[in-house]
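Sequence positions in the sequence shown follow this note's numbering and run 80 to 216.
Below is one structure, written out as structure tokens; comments come after it.
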Amino acid sequence: MIQKCTCLRFPSAFGLAILMFLLTLAVKAQDKPELKIGGALRFNYNLSSWKEAQKKRGGDFGYDMFRINAVAAYKEVFLNAEYRLYSQGFGGGFLKQGWVGYNFNEEDQIHVGLTQVPFGIQQYNSHNWFFNLSYYV
């Protein structure tokens with residue numbers, strides 16, 4: 080029986096520092112790098128009509144997620160990084176993916192870091208009501 084579990088968690092400032100470090104690796108001292116930076120800020124609106132206090136307020140807006148991502152490439156070196164910041168109750172901040180890659184040739188490349196690996200039958204599988212047999216019958 081495990082009594083104590085030690086987990087490595089990235090505080091939000093540390094995770095953001097890693098993202099910026101990875102970003103500078105691919106862009107530093109290069110002539111014409113390609114760089115795409117994106118992100119999102121997401122909120123939720125909740126109206127629970129069965130709760131009197133919430134009906135009087137007209138519902139609740141709540142912070143959901145902040146995301147920043149970067150994709151950079153120059154010659155044979157490239158990187159992909161995404162950092163997400165949820166509220167502390169839903170995990171806080173973490174590096175979703177962050178890796179640096181190198182193209183050896185058209186067929187061979189290497190990724191170093193926190194990478195994502197495809198799993199399963201991706202485009203043919205769904206876990207919702209709209210993509211099962213009873214919906215189409």
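For every residue, glycine included, the Cβ atom is placed at its ideal position computed from N, Cα and C.
Kindly list the residues whose CB is nearer than 7 Å to the CB of Y142, restricted to its own chain and excluding five residues on each side of it in sequence; keep chain order.
F122 and S166
With 16 as the cutoff for other CB atoms within 10 Å, does L120 come out buried or exposed?
exposed
Could you please give the first and the last residue of the uninterrupted beta strand (DSSP E) stretch that includes Q176?
G172 to N182
For F157, count neighbouring C-beta atoms within 10 Å of its own C-beta (all shown protein chains included) and say buried if the count is 16 or more, exposed if not.
buried
For E50, name the three-state secondary structure that DSSP assigns.
Because the chain spans 80 through 216 in this model, residue 50 falls outside it and cannot be assessed.
Is F140 helix, strand or coil by DSSP?
strand
By the 10 Å Cβ neighbour count, where 16 or more other Cβ atoms means buried, how is G172 classified, buried or exposed?
buried
Secondary structure at F71, three-state DSSP: helix, strand or coil?
The structure shown does not extend to residue 71, since the chain spans only 80 to 216, so no value can be given for it.
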